[in-house]
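In this note's numbering, the protein residues as written are 582 to 1231.
In this text, a Cβ means the ideal position worked out from N, Cα and C, and glycines have one as well.
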C-alpha cells in the first residue's frame, strides 16, 4: 500500500514537472532530479506489476500493436469549408448574420498536422483516435499517450471529447533530419506517420506536440462562447495556442494578413486560419451542410510545398570559395511565384536526400527566400546520381573537402570569389561604397583586370573609360564613395574583411575590445577566447586570417593606400543596460533593427536573437511575430520603440 501511494506521489510530481516544461516552457527542476524521480517510478512499477492510468511511463511507448482498432466518436467531427479570397470570406461572414458584436468572430491558426479526438472520463484520458471519416477513426491511445503535451489526467471528471491538432515543430524536424539516416519529408507527414505507426516507441521518438481547440461533446457543462470553451481547456491543463483574436470580419481580415506574413517565423506549420462565430449557440442554429458547419470556415494560404523534377545540378562559388549545389527544376508554381531553382546545402545533403538528375522531389518555399529541396519523392537511390566536382567549375582549380563542404582552393584568381569579396567589402554594413554592386565588381574584373580588394583604392577616372554604363558622373560618384570609405569605423572595416565566422555583431565586439586597427591585427588567440560570444572556432578563424601572409599583405597594402579606419575612443558614458538582455522584433520606424541592437550593445546590454526566461525586455515594432507571442507567454516585458528610447535616455 505504501508503494502504491508513493507511485501516485511520483506520477503526480513528474506530470507536474512535464506540464511545466512542455506546455508552460518552464524548468522547475533539473534534468537529474526529473530522471531520479522517473527511475524510482519505473522501479516501483516493475516491483508491483502495476502501471497507473496517469503514469508518465506511458510517454515512452509500450509494446508494438498488431493493428489499429476502429473507434466511433461520441459526436461527429466535421471538416471545414475553405475560402482563398477575402471577398469570399466576407460573403461567408454576411451569411452568418448582422455583425452586432465587436468579438463576433474568433480567429485561430490552422495547424498543418493530424487531427486527434481525445476522450476523457473520470478525469483520465481513456481513448484517443484519429479523425477518420468524422464518424469513426483509428484508435491510437498508446501512441497519443507518448505525446508529452497531451494531459493523461485532468481536474474535470465528466465525460467529454476534446479535439486538437497533433504536429511536429519545424525545429524538431530539422534536428531529426540532421541526426537520422531516415529523412522526414515535412512536419505534417512526420507527425501523421508517427501517430499511425504501430510501434508507440517510434511515436515517442518523434517528439510530437499537441494543441487543443474544440470540445465536441461534454457531460454536465455548456459553453456559450468559443472564448469560454478555450478558457475551460486551459484551466484543465490542455495546451491552447496563445494566438486567438476576437473581432469583426474586417478586423479579422487585417489579422489574417499579419499572420500570413509571420507564418514563416513560427516553429510550426500553419496552412491557413480558422474563423468561427464566437457565439456557439448562434453557430449551432446555423446548422450544417453534408460536410461542413456553417458557423466556421478556413481561410487557406497559398501552398508552400510542391513536387517537381530536377533537370540539372550546378555548383555556385561564394566569396569563401565554398561550392554550393543549386538544383535547376522544372518550373512549378509555388506561393504565387514560378520556381525554377532550389537550394541544396552541400554534397552530404544531396546524398542524404537521395536526389540526382531526373529525380522527382518535394520542394518547399518559405517567405521570399530561394526554395529548398526537402527530399526525393522517388523510392530508392537516384538513377542519375550527382558526384562532387574535382575541379572548380569556374577557374578549374582543384577542390578539397573541409568538413561537410567542398571548396575551390584558388582564392587569388577565381572570379566568382573575388567578385563576391569585393561586393561584400563595399556593402552598406561594411565599407558602404555607394553604387558599387556585384555587377560593377564583375565588370571591373573582366574588363580592366581588377584582382583584389586593395585594387579598389587604385582606381582612377581612366579605369572607367569605355566601360558600358559608366559615364563621367557615375564614375566620379563611385570614386568619391571609395575615397570616403577610407575612414569608416573600425567595426565596419573588420566586418568588410570577410573573416570566416565574423559577422556584424562580432566585428563590433572586436572593435570595442581592441579600439585600433594595429591592436586588432596583433590580437592573440588567448585574448580572443576571453571575449563574450567568441569561442575557440571564431578565435581560430580570426587568428588564421590575421597570420595568413597573403591576407596580411592585403591589409598592409590597404593601409598604405590611405585606408584609416576610425578608432574607437574610450567610452566612459553610463551603461544603463549593463547586464540586461534584449530581443528586438518587428519593423521599427526610427532606426532599423541592426542599429537598435548596436545601441543596446553600446549601452552595456546584450542583443539576443530569441526570447527566453533570461530575456529582460522585448523591443517590439510593427508586424511582430512569434517572438512577441513568446514574450507574452513567458511574461517578458514588452517595450514599444518610444518606450525603449525613453529607457535608453536617447
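Excluding the five sequence neighbours on either side, which residues of its own chain have a C-beta within less than 8 Å of the C-beta of residue i, listed in chain order?
{"i": "residue 961", "result": "935"}
{"i": "residue 630", "result": "none"}
{"i": "residue 1090", "result": "1112, 1113, 1114, 1115, 1182"}
{"i": "residue 914", "result": "887, 920"}
{"i": "residue 1110", "result": "1116, 1117, 1120"}
{"i": "residue 870", "result": "662"}
{"i": "residue 944", "result": "886, 887, 888, 889, 910, 913, 915, 920, 923, 952, 953, 954, 955"}
{"i": "residue 805", "result": "860, 861, 862"}
In angstroms with no decimal places, state the Cα-to-Cα distance between residue i and residue j.
{"i": "residue 625", "j": "residue 588", "result": "7 Å"}
{"i": "residue 859", "j": "residue 970", "result": "60 Å"}
{"i": "residue 972", "j": "residue 1058", "result": "39 Å"}
{"i": "residue 714", "j": "residue 747", "result": "17 Å"}
{"i": "residue 1139", "j": "residue 1133", "result": "10 Å"}
{"i": "residue 833", "j": "residue 675", "result": "14 Å"}
{"i": "residue 865", "j": "residue 807", "result": "12 Å"}
{"i": "residue 1223", "j": "residue 1176", "result": "15 Å"}
{"i": "residue 948", "j": "residue 841", "result": "Below a pLDDT of 50, predicted positions are generally treated as unreliable, and residue 948, at 49, falls in that range; the measurement from the model is reported next regardless. Each residue's alpha carbon lies about 9 Å from the other."}
{"i": "residue 703", "j": "residue 1191", "result": "40 Å"}
{"i": "residue 771", "j": "residue 654", "result": "25 Å"}
{"i": "residue 745", "j": "residue 717", "result": "16 Å"}
{"i": "residue 1095", "j": "residue 1087", "result": "12 Å"}
{"i": "residue 857", "j": "residue 708", "result": "27 Å"}
{"i": "residue 1232", "j": "residue 1194", "result": "Within the shown structure, residues of the chain are numbered from 582 to 1231, placing residue 1232 beyond reach of any answer."}
{"i": "residue 698", "j": "residue 719", "result": "10 Å"}
{"i": "residue 727", "j": "residue 1023", "result": "57 Å"}
{"i": "residue 1216", "j": "residue 1069", "result": "41 Å"}
{"i": "residue 768", "j": "residue 984", "result": "28 Å"}
{"i": "residue 1048", "j": "residue 1028", "result": "8 Å"}
{"i": "residue 1129", "j": "residue 1082", "result": "16 Å"}
{"i": "residue 686", "j": "residue 776", "result": "32 Å"}
{"i": "residue 667", "j": "residue 838", "result": "10 Å"}
{"i": "residue 754", "j": "residue 790", "result": "12 Å"}
Under a three-way DSSP split, which group does residue i fall into?
{"i": "residue 593", "result": "helix"}
{"i": "residue 982", "result": "strand"}
{"i": "residue 1005", "result": "helix"}
{"i": "residue 801", "result": "coil"}
{"i": "residue 573", "result": "With the chain covering only 582 through 1231, there is no way to say anything about residue 573."}
{"i": "residue 1026", "result": "helix"}
{"i": "residue 1103", "result": "coil"}
{"i": "residue 767", "result": "coil"}
{"i": "residue 860", "result": "strand"}
{"i": "residue 903", "result": "strand"}
{"i": "residue 1058", "result": "helix"}
{"i": "residue 966", "result": "strand"}
Identify, in the order they occur along the chain, each residue of the same chain with its Cβ nearer than 6 Å to the Cβ of residue i, setting aside the five sequence neighbours on each side.
{"i": "residue 1045", "result": "1051, 1056"}
{"i": "residue 1174", "result": "1165"}
{"i": "residue 991", "result": "976, 978"}
{"i": "residue 1219", "result": "1199, 1201, 1212"}
{"i": "residue 905", "result": "897"}
{"i": "residue 1197", "result": "1161, 1162"}
Less than 7 Å between C-beta atoms, sequence neighbours within five positions excluded: which residues of the same chain meet that for residue i?
{"i": "residue 591", "result": "618, 621, 622"}
{"i": "residue 959", "result": "940, 941"}
{"i": "residue 900", "result": "998, 1001, 1002, 1005, 1079"}
{"i": "residue 798", "result": "655, 656, 741, 742"}
{"i": "residue 792", "result": "692, 745, 746, 820, 821, 822"}
Applying the criterion that 16 or more other CB atoms from any shown protein chain within 10 Å of the CB defines a buried residue, is residue i buried or exposed?
{"i": "residue 642", "result": "For residue 642, the predicted model reports a pLDDT of 47, less than 50, meaning its position is unreliable and no value from the coordinates is stated."}
{"i": "residue 979", "result": "exposed"}
{"i": "residue 998", "result": "buried"}
{"i": "residue 795", "result": "buried"}
{"i": "residue 724", "result": "buried"}
{"i": "residue 729", "result": "buried"}
{"i": "residue 691", "result": "buried"}
{"i": "residue 756", "result": "exposed"}
{"i": "residue 637", "result": "buried"}
{"i": "residue 1131", "result": "exposed"}
{"i": "residue 700", "result": "buried"}
{"i": "residue 596", "result": "buried"}
{"i": "residue 758", "result": "buried"}
{"i": "residue 1285", "result": "Because the chain is modelled from 582 through 1231, residue 1285 falls outside the range shown and cannot be assessed."}
{"i": "residue 598", "result": "buried"}
Could you tell me whether any Cβ in chain D is nearer than 9 Å to the Cβ of residue i?
{"i": "residue 777", "result": "Here there is only one protein chain, and chain D is not present."}
Does the beta carbon of residue i fall short of 8 Å from some heavy atom of the ligand FMN?
{"i": "residue 926", "result": "Ligands displayed in this structure: none; no statement on the ligand FMN is therefore possible."}
Round the Cβ separation of residue i and residue j to the nearest angstrom and send it over; I've been treating them as touching at under 8 Å.
{"i": "residue 825", "j": "residue 689", "result": "6 Å"}
{"i": "residue 848", "j": "residue 752", "result": "5 Å"}
{"i": "residue 735", "j": "residue 822", "result": "Between residue 822 and residue 735 the Cβ distance is about 18 Å, and since that is not below 8 Å, they are no contact."}
{"i": "residue 693", "j": "residue 850", "result": "4 Å"}
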